[in-house]
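Going by numbering that gives the first Met the number 0, the letters in the sequence shown line up with residues 0 to 814, in that order. Yeah, the Cβ is synthetic: ideal placement off N, Cα and C, and Gly gets one too.
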Amino acid sequence: MNEGYVETIERTDIFNKEQKVVGEFNLATQIQISTIHDGKVYFQWDGELAYIEEKSTKMVNSEDITFTLVAAETGVTSEKIVTHFLTEVYSDESLETTILKLAPEVEYSVTNMAGEYYSITVGNREGIIKSGDVELLSPSIEQDNTLLEKSSILQESLTTQVAIEKPSINYATHIQDIGWQNQVSDGEISGTEGKAKRLESIKISVTNVQDLGVKYSTHVQDQGWLDYVSDGVESGTTGMSKQQEAIKIELTGTKAVNYDIYYRVHAQDYGWMEWVKNGELAGTTGKAKRLEAIEIVLVNKGGEAPGSTETPLPTKPSVVYSSHVETYGWLDYVADGELSGTEGQAKRLEAIKINLKDAPYSGEITYSTHIQNDGWLNNVANNEISGTVGPGKRMEAIKIGLTGEIANYYDIYYRVHSQNFGWLGWAKNGEPAGTEGLSLRIEAMEILLVEKGGTAPGTTEKPFLTKPSVVYSTHVETYGWLNNVADGAMGGTEGQGKRLEAIKINLKNSPYSGAITYSTHVQYDGWLNNVSNGEISGTVGPGKRLEAIKVNLTGDIAAYFDVYYRVHVESYGWLGWAKNGMKAGSEGLSKRLEAIEIKLVPKGQGESVSERSAFKRPYIVFLDPGHGGSDPGAVAGGIKESHLNLAVAQKVQSLLLSRGYTVYMSRTGDTNVELIDRSKMANSLNPDIFVSIHTNSTGSSSTTATGIEDFYYQIDPSNPSKINADMATNPDRIAKSMKLASLIQEKVIAYTNAVNRGADGADFSVLRETAVPATLIEIGFINNASDRQKLITDSYQNILAQAIADGIDQYFRIY
C-alpha cells in the first residue's frame, strides 16, 4: 500500500532502520505514511524512513485528518537538535496535546525556530518542541532531503530485520547541590563517590531495541516507595532535599524475557553494595542511608552477573521473641512489635526467648527478667531462656539491651501488659519495664527495634512501677524537724525523753492514685482534723506533745496496700502495730509519743494487729444498776432490788476508778431508766464492756432457791434487735460476752462460796440492744431470807464488788 493516513490505537514505539527506538507515538496520533510492508507502517523521519508496528494502528480517511499537512521535510533548516531525555513533542504551541515523545540521544532536524519553540516534521505533520527540553547542535551536517525510493525502503527493511539487537540502558541522576548529571549508559557510574552527596531523582530508559522497556521505583526519605514509572520518566524528587534510599528496576515488553537487568548502588556508610537484578531491592530501607551513585547493566538472559551478588541488601534487622505462658506453654514466635502473651485471660508470662534476625551489624540482644521470689536473673542473650519453666512463677519485669555494633544504629524498645495496670509505657535500652515489689504478673509484651534516636513507638511514661514508699519527718522537742525517713525506719528518738510535736507523711513513687491521710491526738487539743500528703499534723511552737496518731490510705492505693504504723510511748516503749486508720499511742493517760515507724504492706499480707496492743487508754466500763425509781424491781422483807443493785454497782465503780478505768453508770440515784434507753446510753458512749447488775427473785414471798448466775445474749430469731441490728448477732461480740460472763461468774463464786448457778444465754433487752460485749449478773435471791441477809450487808456487797471488778480485770488481760 502506498501513501495514506493511520491513527495509533495505543502507545507505540518508533524504530529507525537500525531498529533503534527513537521515540514513541501517543494514543490517537494521526500521521501520513509512505508505505506499509510486512506488518510495519513506514513514514518520513528526518529525511529517512522510520516505522511503527501495523498492529498498533488503524487506517483513517483523508477527510477525517485533524492535522495540517506539510511538505515532507521541505522546510528543514541546517539546524539540528539532540535529546538527552525522553522529550515531549506537542501538536501546537498551546502545548496541550502530546503527539509523540523522542527517545534520549536522538538527533533531529529543525524546520522552524521561534524563540522558545522548535518545529520538526514527522510523517508530514508538524510538531512543537520546547527549546529548553533539547540541545541545539549548530552547525549541523546538511541533510539530504531526497526521499528514498520505495524499492530501496523494502530492501532496507528486509536487511534490518536480521540485524543483531544490542540494547542499551541509559540513565541520569539528579544529585544534591549539582542537579541533573549527563546521561550515562551500560554500567557507567551516575552519581558521586566520596562527596557525601545524595541521589534525589533518576531517569532510566532502554534504547536500540524494539519491544523492550524499563520500569523502576525508588524509596524516598519520608515518603517510602514511590509508584513505578517507566522509560525515562523521573522517579524521586527535586527541590525537596530528600534522599533516595533504595531502588528496584525491572524490564518490560515482550523481549524482557531475553535479558536480565543488573544494578548496584553506592550507599552511605556501606559504599558499593552487591549487584541485584530484575526488581530486587538495592540500597537500604529503615536505616535513613542515602544513595550516592548507581550502575546499571543489561545482560543476556541467564548471563554472568557483572560482579558479586552476595548479600545485596543489609535489610533492617528484626527482633523475634516467644513467651512461655501459664497453661499454654511456649507460644509461636512473633516479631517487631507484635504481641506475645495474652490479654484479658489473667495468664502469667513465665519465661521468654528473644533473638535478632537479619541483623546487618555485629552484636547481640541481651535480656534479664525479674521473677517471683527470685528477683532479677542474670543476663542471657540470643534466644536463651530467661525466666522459669515448670515452677509456675510469674515474670514481673524485664530489661532488654543491645550490645556491639548494632547498638550504634538501633534502640530496642519494649513494653509490658501488667496485671492491674494493663499496658505500661515503652522502655528502651536496658531500662526496666514492668513492676517490682507489687507481686504483679506480666501478661504480654511487645518488642521493637527503632533506628538510633528515632521516635518511640508510643508513650514512654511509667514503663516501670515499683512498690511505693512512705516517707515521713517528725518535729521533736528541742531538735525541730528531723530528716525524712522511709518505709519502717524510726522517726523521732528513743531513750531521750523527747516528745514528738508534729509529723509530715507522704507517699513516693506510688503507681496508684490516692493519698495518705493522718490525724494526731495533741495534748489539750484532742484529735485534730485529717491532713494528707506532706501536710503538718500537730503543733510547732506551743510545746505540746503528740499522744496518738491515725494513718490511712485513700483511693486506688488502698485496694493494694495496707499502711502499718507503731509508736514509742512514754512509760510503755514500743506498742504493737496498728493499720489503716486504727489508733496508735495513748489517750487519757498524758503520755507523749517519742518515736514512730510507718510502712506499706501489700494488701492482706501483713501481720495481724490488735488495737489493745497498739493503743493505750483507760478501759471504759458501762455499769447498769437494774431497775430504779418507779421500778423497784423485786421486793422482799422490805428490801428493794433497785437499792441493792445500785449499792453494789457503786462499789464496783469505786474499785474500777481506783484501777484507772473510765466508768459510766446508767443511773447514779434512785431513778427510773427505760430498758431501751440504757442500751442507747451505752452505745452512745462506746464503752469496752457493759455489765448489768441485778438481784434475783422467784416472784414469791420466799423461796429456797439460792445462788448467783450470769447471762450473755442468746439469739432469739423471733425477737430481733430494735436498735442494734448490726452488732446484736455479731459472733465476736457474743463470744466476748460469754467470756466476760464466765470470768465474772468464776470470781463471784470463788469469793462468796455461793451456789454456782452458772453462766447461760438469755434474750434480755440490755444484752440484745447493747453494741459491745455485755453480761447481766444476778447476785442472789432477794426472796431467799439467807441470801437477803448477806446482800444487805456492806461487807458482802464489798466482796461481790471485788469479785466483779476482778473478773473485769481478768477479761481485759485477755482482750
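With fewer than 16 other Cβ atoms from the protein chains shown falling within 10 Å of its own Cβ, G572 counts as exposed.
DSSP places M394 in the uninterrupted beta strand (DSSP E) bounded by 394–402.
Excluding residues up to 5 positions away in sequence, E435, G436, N508 lie with their Cβ nearer than 6 Å to the Cβ of T465 in the same chain.
Beta-bridge analysis with DSSP links K356 to S317. Secondary structure of M58 (DSSP, three-state): strand. In the same chain as G403, and ignoring 5 residues on each side of it, the C-beta atoms closer than 8 Å to its own belong to Y360, S361, G362, E363, in chain order. Judged by their CB atoms, V600 and F560 are nearer to each other than the 8 Å cut-off. With fewer than three CB-CB distances shorter than 8 Å, the segment 229–245 does not count as touching the segment 182–194. DSSP places I384 in the coil class of the three-state scheme, outside both helix and strand. Looking only at S167, Y327, S90, the smallest Cα-Cα distance to T28 is reached by S90. The beta carbon of T251 is closer than 6 Å to those of G212, K214 in its chain, skipping five residues each way along the sequence. Unbroken beta strand (DSSP E) runs of no fewer than 3 residues, entirely contained in the segment 247–315, are found at 258–266, 290–299, following chain order. Residue pairing of H626 in beta bridges, as defined by DSSP: absent, with no partner found.
Excluding five sequence positions before and after T82, the CB atoms of its chain that fall closer than 6 Å to its own CB belong to L101, P103, V105, V133, given in chain order. Around the beta carbon of S701, a 10 Å sphere encloses fewer than 16 other beta carbons of the protein chains shown; the residue is thus reported as exposed.
Listed as beta-bridge partners of T191 by DSSP are no residues whatsoever. If the five residues before and after Y523 are omitted, its C-beta is found closer than 7 Å to the C-beta atoms of K543, all from its own chain and listed in chain order. In the structure shown, the three-state DSSP call for K639 is strand. In this structure, E78 lies away from L26, with their beta-carbon atoms at least 8 Å apart. Taken through DSSP and simplified to helix, strand or coil, E125 comes out as strand. Remark: three or more beta-carbon pairs, one from each stretch, lie closer than 8 Å, so the segment 761–773 and the segment 711–720 are flagged as touching.
Counting C-beta atoms within 10 angstroms of its own C-beta, I168 has 16 or more neighbours from the protein chains shown and is therefore classed as buried. For F463, the enclosing beta strand (DSSP E) covers residues 463–465.
Considering only S385, N378, P305, N207, the residue with the shortest C-alpha distance to H323 is S385. Shown here for S607: not one same chain residue has a beta carbon closer than 8 Å to its own, the five before and five after excluded.
The count of Cβ pairs closer than 8 Å, one atom from the segment 404–416 and one from the segment 443–460, reaches three, so the stretches are in contact.
In the structure shown, the three-state DSSP call for G540 is coil.
Pairing A432 with A396 gives a Cβ-Cβ distance under 8 Å. DSSP, read as helix, strand or coil, puts E493 in coil. By DSSP's assignment, R414 forms a beta bridge with E445.
Note that the C-beta distance between V620 and L655 is below 8 Å. Your pair A443 and L376 does not check out as a contact, with CB atoms roughly 20 Å apart and the cut at 8 Å.
DSSP, read as helix, strand or coil, puts M112 in strand. Counting C-beta atoms within 10 angstroms of its own C-beta, P716 has fewer than 16 neighbours from the protein chains shown and is therefore classed as exposed.
DSSP, reduced to helix, strand and coil, places I781 outside both helices and strands of the structure shown, so it counts as coil. DSSP places Y571 outside both helix and strand once states are collapsed to three, so it counts as coil.
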